[in-house]
Amino acid sequence: MVGEFYYAMGEQSVAVATLRAVIAPFDEDTLAVSSSRVLGVEIAELDAGSDDSASGNEVLNDSLTDDQIHELVQDPLASPIDVEVKSDADKFWGIIRDSATILPKAFPNDYQSIEVVEGDGKSVGSVRLIKYGEGSPIVKISKEKIDNFDEANKTVAFTVIDGDLLKFYKHFKCHITVTPKGDGSLATWLCEFQKTSDEVPDPHVIKDFVEKNFKELDEFVLKQ
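Residue numbers (the numbering used here): 2 to 225.
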């Protein structure tokens, strides 16, 4: 569902943001939404407000706190990073899919090692321990768990469950998707994050590292 979510302030309803949401079935007796995902953020047990029949928008009344509103509004750095590459989508995706074995060999300056701790390193539930090289300025070690893997749509999602990033972010989840575009493809990266404190900066350095990696991967694939 795509629409605007509103928060009631006094007699006025103020638009928070235009969001894409997938709402799970709800109990018609209590009109309580059991769970939903808004741009990857889990919203649980929110009471549904009245339906704005004129606009078709769903209204969430005073049940939302200011903190919940803040969580609903996507942080600018949670928006996708799109990098156009010249590589064929299947070949570029192949590197992403098999990154545990390929990245340390192809880019030792960035990746010292990637150890598959659980699973096969690709499928849902797999856990990988990544030790970064000198090319990574902040994060030196990270353990991540694969939450979603879709070969047909060339997409993978994983959550950081241990390591340096969790010193700064209570939650950090990444999504990578590769789609064909013309003679090349489009590599898209999206992160969801929650800071440990307001003093923690937005992950600009992580964003820059990902963009650099995508461009290096493109050059690597084209040389094969």
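Glycine is no exception: its CB is placed at the ideal position from the N, C-alpha and C atoms. Treat the numbers as computed from the prediction; the structure is a model and nothing was measured.
Just the C-alpha distance for residue i and residue j, rounded to the nearest angstrom, thanks.
i	j	result
Asp28	Gln195	Confidence at Asp28 is low in this model, with a pLDDT of 44, below 50, so its placement is unreliable and no value can be given for it.
Asp163	Val128	11 Å
Pro181	Val118	32 Å
Phe212	Pro204	For the record, residue 212 in the displayed sequence is Glu; it is not Phe. For Glu212 and Pro204, the distance between alpha carbons rounds to 13 Å.
Glu217	Pro105	13 Å
Val222	Ser186	12 Å
Lys171	Ser100	25 Å
Lys224	Cys175	27 Å
Provide the residue span of the alpha helix (DSSP H) that contains residue i, from first to last.
i	result
Ile96	90 to 98
Glu212	205 to 224
What did DSSP end up calling residue i once you bin it into helix, strand or coil?
i	result
Asp83	strand
Glu200	coil
Ile70	In this prediction, Ile70 has a pLDDT of 42, which is less than 50 and means its spatial position is unreliable; nothing more can be read from the coordinates.
Taking residue i as the reference, which of the options has the closest Cα?
i	options	result
Asp151	Ser124, Val84, Ile139	Ser124
Asp1	Glu135, Phe169, Val140	With the chain represented from 2 up to 225, any question about residue 1 goes unanswered, as that position is not in the structure.
Ser114	Asp121, Gly120, Ile103	Ile103
Ile207	Gly95, Ile139, Asp89	Ile139
Gly134	Lys174, Asn110, Val201	Asn110
Phe210	Lys92, Val222, Ala101, Phe108	Phe108
Leu167	Thr178, Ile96, Glu145	Glu145
Counting only runs of 4+ residues fully inside the stretch 98 to 184, write out the alpha helix (DSSP H) ranges in chain order. 100 to 107
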